[in-house]
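Report on the structure given below.
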């Protein structure tokens, strides 16, 4: 449980990337915790804990989003306001930063599920090798895909800024 | 905003709502248990639902008298068992693993799950709807119910239900599962060049198998029908025979025969077709047909003769007729009169109790012994209705009456008919049971309905007629010419022109009993314009033959039609013949 508590903020960020309303986000968060708890006995070395944790968080999120979609629930945010409303930005940021963060989330929301994972991991400062391990791809592949995802993200954010 | 700025922004983010949602060990344990319980529960309730739906069909299997219908219900139950098994298997076959695989592996797992859903949803028609469709239709068409009001509407309804279900399901498949599957496939392919989609091998195989099954079924139908060759049409020179032949071929009757009486004289006796389906022996005008329940009028006529002779009276009760059986008899039967029995108001059951019926089939001994044993069984039980209160068409009642006559006259029922009717009227072809000799096609054979509309000849011998026990209700056979003599005798008798029976006795036989809608004593009294009012009618079938007699006593005219298939198959065609002959000879 220590491990869960220590990583709580990171898990929550993953939840935000994949689930867009508060109720879904809570459910997803519980689901991820549950999956981690189920998998804990199988985790051998703590050195892999970080990548292991993200695998579970991302996998669970992807399945969760699909299950919700299958039930006909909204899988994408309804509007920007709702989105910003759910982001509690830290007091250290000024209003401009908050707006920027909202734009960032908004743009991430429009990526596909694998791109979302890549960008999240990138923002968490993972190396290509670590990302490769989480995703099950080669490091060079990760490089290409991340480049593509970042370019897409930037375009989306610029478009949003010019609106 | 560059990468570093983004990262700083991201990592500096704190999540406030996290604190409100602590998750504890026990809570997770509970969730785990719930997940397993959930799976078991879903399986249990799913199976329970199927079980509940299956129960009525299981009950139907045991209650329906129709063999084919039973098979239909079996198909439905089999289909439901399969569907239930399939949904359990789907839930269990890909258990949710711990989600710690690399994301791409996990996506593959997700894809497998979605694909399975999509496939089940897409193929719903085959594994779910088809057994339902086939089963429902087989059971409906296996019933002896009306084509226009039951069979066709039921088929349309079932096809509609299946169609709507299929359409809804295809919508779900197209709008939900297919996009999801495509999205996942795209995600998995995002790291590599797009591969051409896999050729749908399985699809082709399934389709081939299904087409194969359909072809085999069609082949089987063609084979069975082919074996069941319709007898060829014969060209006749006289128009009546040609009319009969056309209708015979149209309705696939092996044989069809008719007789017409105008002004008390037999003007037509014709028979067309074959004695046995698939055979070469043509029927002749002297061939004998089984009369089924037309026998009832003969039993009643002999009763009237014995009444005139003073050997029995209309008001003789069962209790008076069988004082030695009083102790074994249900008291309600004691006061039932001969007239009540012959007018179907005795309360005797419409259907023989199943156990007595089986015993009747297995019974040994002379016909009279079998009848006595049978009526002892009937009389020991409570009547179906309070005697005298209700019209219940009953072979059992006529059998009791027949045995009463035997007792009063000291002769068997067969001897009574022979000596009092057949001989005086010159009905030389009249006899009892199946018309033909064992192993010979010397007379028409009866035919049973076969599964795919065929006509299965029933060889003379055991099973070629009803049990001997109920013969007073339907066991006589004779040629249509002889049956016409009998009809002429009834019409003449009513005019006081018979030596055998007084006119008032005929009037009694021909008049519907008080409170009965139209049943007299062995005849139904109906109103028909072509008869100038009153028409007397009775039909009969031992399920392998059919005869109908229509008399217009005011005109002294009658028409008789017979075939060697059962009532359900024969009714329409014979009715058509009767209508045409009436129109042609005396209706207008």
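Protein chains in written order, with this note's numbering: chain X, 29 to 191; chain Y, 23 to 610.
Note that beta-carbon positions come from the ideal geometry of N, C-alpha and C, so glycine has one too.
Owing to the predicted nature of the structure, the values given are computational and were not obtained by experimental measurement.
### Message
Pop quiz: residue 481 of chain Y and residue 311 of chain Y are said to be a contact at Cβ under 8 angstroms. What is the actual Cβ separation, rounded to whole angstroms?
### Response
Wrong, their Cβ atoms sit about 17 angstroms apart, outside the cutoff.
#### Entry: Any chain X beta carbon closer than 7 angstroms to residue 377 of chain Y
no
### Query
Helix, strand or coil for residue 179 of chain X per DSSP?
helix
### Task
Identify whether residue 82 of chain X lies in helix, strand or coil by the three-state DSSP scheme.
helix
### Query
Is there contact between the stretch 141-151 of chain Y and the stretch 103-113 of chain Y, where contact requires at least three CB pairs shorter than 8 angstroms?
yes
### Query
Is it the case that the Cβ atoms of residue 512 of chain Y and residue 453 of chain Y are separated by a distance below 7 angstroms?
no
### Message
For residue 373 of chain Y, tell me which candidate among Y:411, Y:347, Y:208, Y:419 has the shortest Cα-Cα distance.
### Response
Y:419
### Message
In whole angstroms, give me the CA-to-CA distance for residue 596 of chain Y and residue 561 of chain Y.
### Response
11 angstroms
### Closer than 7 angstroms to chain X by CB, residue 142 of chain Y
no
### Query
Just how far apart, CA to CA, sit residue 232 of chain Y and residue 553 of chain Y?
58 angstroms
### Selected residue, minimal CA-CA separation from residue 135 of chain X, among X:83, X:51, X:183
X:183
### Message
Taking only three categories from DSSP, how would you classify residue 92 of chain X?
### Response
helix
### Beta-carbon contacts of residue 483 of chain Y that lie in its chain and below 6 angstroms, excluding the five residues immediately before and after
460
### Query
residue 560 of chain Y bridges to which residues according to DSSP?
Y:571
### Query
Start and end of the beta strand (DSSP E) containing residue 548 of chain Y?
546-550
### Task
Please check the pair residue 157 of chain X and residue 167 of chain X, which I expect to be a contact at CB under 8 angstroms, by giving their CB distance rounded to whole angstroms.
5 angstroms
### Query
Taking Cβ-Cβ distances shorter than 8 angstroms, what residues in chain X pair up with residue 120 of chain Y?
63, 66, 67, 70, 84
### Query
Nearest to residue 398 of chain Y by alpha carbon, out of Y:423, Y:309, Y:411, Y:410?
Y:423
#### Entry: residue 175 of chain X burial status per 10 Å Cβ neighbour count (16 or more: buried)
exposed
### Continuous beta strand (DSSP E) stretch holding residue 424 of chain Y: start and end
Where residue 424 of chain Y is concerned, there is no enclosing beta strand (DSSP E), although the alpha helix (DSSP H) it sits in stretches over 417-431.
#### Entry: CB contact check: residue 80 of chain X to chain Y, cutoff 7 angstroms
yes
### Task
Classify residue 267 of chain Y as buried or exposed, calling it buried when 16 or more other Cβ atoms lie within 10 Å of its own Cβ.
buried
### Run of the alpha helix (DSSP H) containing residue 275 of chain Y, from where it starts to where it stops
Per DSSP, residue 275 of chain Y belongs to no alpha helix (DSSP H) and is neither H nor E.
### Query
Are there three or more Cβ pairs, one per stretch, closer than 8 angstroms when the stretch 422-440 of chain Y is compared with the stretch 513-521 of chain Y?
no
### Query
Can you check whether the CB of residue 294 of chain Y is closer than 7 angstroms to the CB of residue 278 of chain Y?
yes
### Query
Helix, strand or coil: how does DSSP classify residue 521 of chain Y here?
coil
### Message
Is there a C-beta anywhere in chain Y that falls below 7 angstroms from the one on residue 88 of chain X?
### Response
yes
### Query
Any heavy atom of the ligand GTP within a distance shorter than 6 angstroms of the CB on residue 607 of chain Y?
No copy of the ligand GTP appears in this structure; indeed no ligand is present at all.
### Message
If contacts are defined as beta-carbon pairs under 8 angstroms, then residue 187 of chain Y and residue 159 of chain Y qualify, I think. What distance do you get, rounded to the angstrom?
### Response
That pair is no contact at about 15 angstroms.
### Query
So which residues of chain Y does residue 163 of chain X contact, with C-beta pairs closer than 8 angstroms?
124, 125, 126
### Message
Whole angstroms are fine: how far does the CA of residue 79 of chain Y sit from the CA of residue 409 of chain Y?
### Response
36 angstroms
### the stretch 383-400 of chain Y contacting the stretch 441-452 of chain Y, beta-carbon criterion three pairs below 8 angstroms
no
### Query
Since residue 444 of chain Y sits in a beta bridge, which residues does DSSP pair it with?
Residue 444 of chain Y pairs with nothing; no bridge assigned.
### Query
Should the stretch 180-199 of chain Y be regarded as contacting the stretch 146-160 of chain Y, the criterion being three or more beta carbon pairs within less than 8 angstroms?
yes
### Supposed close pair residue 501 of chain Y, residue 309 of chain Y - CB separation, criterion 8 angstroms
6 angstroms
### Task
Find out if the Cβ-Cβ distance for the pair residue 46 of chain X, residue 89 of chain X is shorter than 7 angstroms.
yes
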